[in-house]
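Numbering (the working numbering), first residue to last: 1086 to 1625. Glycine included, C-beta positions come from ideal geometry on N, C-alpha and C. Note sheet for the following structure.
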Ligand code: FES
């Protein structure tokens, strides 16, 4: 029998040919990100029965996908698959847990779990700049193909994937991001508007993925997270929560497409039968959630589990050690290699960051990413220290967090993104503009990955263009999105703008400027007689 059981959030148990593959089993009862995120709703099945899989696949290092506590119960001889990306933090974590066979798969390289049961992994680095470390898995289960797109959006070779002929698509339908919730740049009303945009973007990303990949069945999953910390609970409630549920995304899919949708609750099993049979895709519902509704039951679920989970939150937070003495020195040593070893990033970040670190051994500290200027050749630079106590001069970005949380990042217990995803920090920016290179640096924090990104961004990609015909005109357009490398030849054009299928950055057809983020693409309108030439070049 072939079946896919939802283990909650983005966890899947895939059974085929007598083998069990676990995908992103985030099962910890302590949640993730210092007990900030919890599964919604929690898996009620037999966890013990899941601890002897044949293979495990981890899509990326975020803690709602990579759960060291659950993996600690899995025999270390079980092969763990992941995509080959430049950042090696996930692989080194798996090694530290003691796994003996960690398989980093190149794009579409096959791993055979059993005859007729094949896993192929794709990462957004395929043909694109290596700004990401997510991956997705194409599962070949007999004559069925299932794409576990996960958090990848469409920063992927869409045409290649579509050509595979996808039977079942599982894709994220809720954002995993801290913006704008933690930003003090906005008042509550503005924050609500911006959160609504993120919510909408997540729903439409799911629908866009389905439209682009044309599966026979599309299943939204991977969220929303539930926040039991009383300080964060407000982010979970209300019909306008930034984190929509699978049922909202499935309803949108039904309204906009003919593609069949399905909503799974934890413990529900999709049984895949014979191709073309009336019950080819059959849902076996889990009794525990037979009457559960993701949207209707948010409050009831929260109240039912509140006391128990608030206790867990308190225990986890109490177990985080206070910052040790010498935090500033560790902070300085953390940033100096990036400031000194990556002038390309320094130039593109180009601003001063202020960190307000509260609690023991904290302080107000500057990280100075301005290029070092000299008043005359040989003269000393203005701020040679690069990381120094606040001097009261203006900063363009501010972060506020506790010294204990910062020290977890300094010890590499949490990555910067783990700390940000905990939502237990505040941020402020002025000017109010996303700084892509700053967040790429936070995301990667890895010299090798940063060098790869620099190389990709500065490579001569003049040839990476395509011809777009729209509104009776022809344009030569940069092929890959500057945000994360999605293929813009797959983009829709709406209202005179190219809408990136990755995360919906919108680029004006007239000058290539991004209208909803800081970015730009190369674009030029072609005189009629140029069109044929460019087409020929693109073909060559
Ligand atoms: S890849 Fe993110 S908006 Fe284009």
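Express the C-alpha separation of residue j and residue i in angstroms, rounding to a whole number.
i	j	result
residue 1093	residue 1449	40 Å
residue 1554	residue 1446	59 Å
residue 1087	residue 1255	16 Å
residue 1532	residue 1480	25 Å
residue 1371	residue 1356	13 Å
residue 1225	residue 1232	9 Å
residue 1538	residue 1194	23 Å
residue 1192	residue 1245	11 Å
residue 1129	residue 1292	29 Å
residue 1105	residue 1361	25 Å
residue 1300	residue 1259	20 Å
residue 1343	residue 1332	16 Å
residue 1287	residue 1469	43 Å
residue 1512	residue 1482	7 Å
residue 1463	residue 1457	12 Å
residue 1520	residue 1285	22 Å
residue 1602	residue 1253	33 Å
residue 1569	residue 1527	15 Å
residue 1510	residue 1121	12 Å
residue 1412	residue 1578	49 Å
residue 1123	residue 1133	19 Å
residue 1197	residue 1250	19 Å
residue 1159	residue 1168	20 Å
residue 1624	residue 1552	At residue 1624 the pLDDT is 42, less than 50, meaning the model places this residue with poor confidence; the figure from the coordinates comes in the next sentence. Approximately 10 Å, taken between the alpha carbons.
Have a look at the DSSP bridge pairing and note the partners of residue i.
i	result
residue 1268	1512
residue 1196	1204
residue 1304	1255
residue 1089	1099, 1355
residue 1450	1440, 1474
residue 1231	1224, 1253
residue 1248	DSSP, once it has assigned bridges, lists no residue as partnering residue 1248.
residue 1432	Answer is none; residue 1432 lacks a bridge partner.
residue 1123	1311
Keeping to the same chain, check which residues put their C-beta closer than 8 Å to that of residue i; ignore five residues upstream and five downstream.
i	result
residue 1161	1182, 1183, 1184, 1185
residue 1353	1090, 1091, 1368, 1369, 1370, 1371, 1374
residue 1318	1312, 1387
residue 1146	1172, 1174, 1175, 1178, 1218, 1500
residue 1153	1178, 1182
residue 1236	1095, 1144, 1145, 1147, 1150, 1219, 1257, 1261, 1307
residue 1127	1093, 1114, 1351, 1390
residue 1420	1452, 1471, 1472
residue 1348	1304, 1305, 1331, 1332, 1335, 1379
residue 1200	1102
residue 1276	1265, 1266, 1268
residue 1359	1365
Once the 5 residues before and after residue i are set aside, which same chain residues still bring their CB inside 7 Å of it?
i	result
residue 1428	none
residue 1597	1605, 1606, 1607, 1608
residue 1525	1216, 1538
residue 1279	1265, 1271
residue 1540	none
residue 1423	1430, 1526
residue 1487	1443, 1444
Please work out which residues of its chain come closer than 6 Å, Cβ to Cβ, to residue i, disregarding the five sequence neighbours upstream and downstream, and give them in chain order.
i	result
residue 1330	1309, 1379, 1380
residue 1499	1493
residue 1581	1594
residue 1205	1193, 1195, 1223
Exposed or buried, what is residue i when buried is set at 16 or more other beta-carbons lying within 10 Å of its beta-carbon?
i	result
residue 1110	buried
residue 1322	exposed
residue 1175	buried
residue 1267	buried
residue 1550	buried
residue 1406	exposed
residue 1490	buried
residue 1518	exposed
residue 1363	exposed
residue 1389	exposed
residue 1325	exposed
residue 1274	exposed
residue 1056	As displayed, the chain neither begins before 1086 nor continues past 1625, which places residue 1056 out of reach and without an answer.
residue 1474	exposed
residue 1504	buried
Check: Which whole runs of the beta strand (DSSP E) in the stretch 1322-1407 are 3 residues long or more, in chain order?
Finding: 1354-1357, 1366-1369
Item checked: beta strand (DSSP E) runs wholly inside the stretch 1540-1584, at least 3 long, in chain order -> 1550-1555, 1558-1563, 1577-1579, 1582-1584
Note to self: Quick check on the DSSP output: what are the complete alpha helix (DSSP H) runs of length 4 or more inside the stretch 1125-1207, in order along the chain?
What the structure shows: 1153-1156, 1174-1182
Next item on the list: Would you mind listing the beta strand (DSSP E) stretches within the stretch 1468-1538 that are 3+ residues and don't spill past its ends, in chain order?
Entry: 1472-1474, 1482-1487, 1511-1514
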